[in-house]
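Following: one structure in structure tokens, then a few remarks.
Number of protein chains: 2
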Amino acid sequence: MPEEKISTADASKREGSTGRPVRADAQRNVEALLEAALAVFAKSGVDAPVREIADAAGVGVGTFYRHFPQRADLVAAVFRHEVDACADAAPILASEHEPGEALARWMQRYADFIATKRGLASALHSGHPAYGALHAYFNERLQPALAGLLKAAATAGEVRGDVEPEELLRAVGSLCMQASDDGRDQTRRMVALLVDGLRYGAGTARGDR
Amino acid sequence: MPEEKISTADASKREGSTGRPVRADAQRNVEALLEAALAVFAKSGVDAPVREIADAAGVGVGTFYRHFPQRADLVAAVFRHEVDACADAAPILASEHEPGEALARWMQRYADFIATKRGLASALHSGHPAYGALHAYFNERLQPALAGLLKAAATAGEVRGDVEPEELLRAVGSLCMQASDDGRDQTRRMVALLVDGLRYGAGTARGDR
DNA sequence: CTTGTAAACGGAACATAGTTCCACATCTAA
DNA sequence: TTAGATGTGGAACTATGTTCCGTTTACAAG
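The listed protein sequences derive, respectively, from chains E and H. According to my numbering, numbering within the first sequence proceeds without interruption in unit steps and concludes at 212. According to my numbering, numbering within the second sequence proceeds without interruption in unit steps and concludes at 212.
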């Protein structure tokens, strides 16, 4: 279900919709680009120049754009499996903790994911239409994950039930934009504050923690 | 004391530190640029091209850069008095409402300010060093304003006392980055959620009431 | 009023970015 | 082996921030 055409860069070795197989060299170049991008993003952030990534992969920019029509498509492809991992963490946390605690932990998990990718959050929230696909994929995978946790916690009376998961995702994403250096603790505190906001006014609102 | 050298573009008509008076045409151009910028920012957002602003003001880009060494300096100059207005709203709200309510209202006031300036929040949080002065000015004026409200509310036992005003400012700024269209309500809800987070577990400070 | 000159001006030019284009190279099926 | 679809590289185009510098202008001193 989560398979969207987030970029041209999937289609495992077998043929595309045309019937003709993907050329081996093309396949190689796509992989080289993804690998190079991961490294370059880690070193220079998500905003690294296209040329830098193409050079690192040993291909020309033309090749880059053949496989990733827009810069953002590369970003999307690179982070796709990390998004999946984050989504998959939800049911696991749910099985290990009380509903409220699971929710709180997942929110931090999500925050950590975003925060460690320099520039990812900014890119996502830049409003630039090029990141629409990435944004869509984030919602597609993460919203159901969060929705489950949220509903369970609300049913258990641990948090209020009138907040949309999509809003929360966006909010946490926003909070993580500051990035890097000493801000990690601060980000965690702000996410925790948001979660406490969810708790406020649920059945169990007493002073503690 | 809020007078910092946020840009080259202050110094009211009188002489600068050199002793020589500011030339009248220069003075005019600075004003034309500020006025044009306000209009262009409203229409095209804070990210509008320098040339567009220069054209609107009827000056060349060279003149632009003479008065505002960096694009960001213009942004800072344009929003300076709006920041002041926001800061000044704090004591007024404090005198009209209960501490907790005053805090909540000011947070929304601040959020509205940021949110209505397309791209302002993004610029502030872009991490780009050019916006350092603007960011500093924001903190300089707004942090004391919020600190007062926060302390009063904590003393009244309405909110917890272990949160730094600077963190909150940054958090609200982040939450407002999404901007425009249908997001205003959502932003307000998220800011409210953050405030509820402050209320959750109130009493962490020497409270009474 | 004239004039010397520091100050200000304008916009061409430069640097960096994303993206497009297309002549040429390469792969693959027959 | 070979034809042609597919893929490649990088020059070139666009947009944008910023710098440079020859020219113009304000203004105070004479």
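Where is the CB? At the ideal position from N, CA and C, for every residue including glycine.
For H/S125, the neighbours in chain E by C-beta distance under 9 Å run, in chain order, S125, H128, S129, G130 and M180. With three or more CB-CB distances shorter than 8 Å, the stretch 191-208 of chain E counts as touching the stretch 195-206 of chain H. Closer than 8 Å to the CB of H/M193 there is at least one CB belonging to chain E. Its chain contains K120, L123 and L137 as the residues whose beta carbon lies nearer than 8 Å to that of E/F82, once the 5 sequence neighbours on both sides are disregarded; these appear in chain order. No beta strand (DSSP E) of 3 residues or more sits fully in the stretch 121-178 of chain H. Taking every protein chain shown into account, the CB of E/A97 has 16 or more other CB atoms within 10 angstroms, so this residue is buried. When 8 Å is used as the limit between beta carbons, H/V78 is near no residue of chain E, the shortest such separation being about 17 Å. Around the beta carbon of E/I117, 16 or more other beta carbons sit within 10 angstroms, so the residue counts as buried. Between E/D199 and chain H, the shortest Cβ-Cβ separation is below 8 Å. Straight across, the Cα-Cα distance linking H/E99 with H/N142 is about 24 Å. When Cβ pairs closer than 8 Å are counted between the two stretches, the stretch 152-162 of chain H is seen not to touch the stretch 83-91 of chain H, the count staying below three. For a Cβ distance threshold of 9 Å, nothing in chain E lies close to H/V33: the least Cβ distance comes to about 31 Å. When rounded, the separation of the alpha-carbon atoms in E/R192 and E/V25 is 48 Å. Nearest to H/V194 by C-alpha distance, out of H/V33, H/A57 and H/V175, is H/V175. In this structure, H/L153 places its C-beta atom within 8 Å of the C-beta atom of H/L106. Counting C-beta pairs closer than 8 Å gives three or more between the stretch 26-38 of chain H and the stretch 58-70 of chain H, which meets the contact rule. DSSP places H/A205 in the coil class of the three-state scheme, outside both helix and strand. Pairing E/A126 with E/V53 gives a Cβ-Cβ distance that is not under 8 Å.
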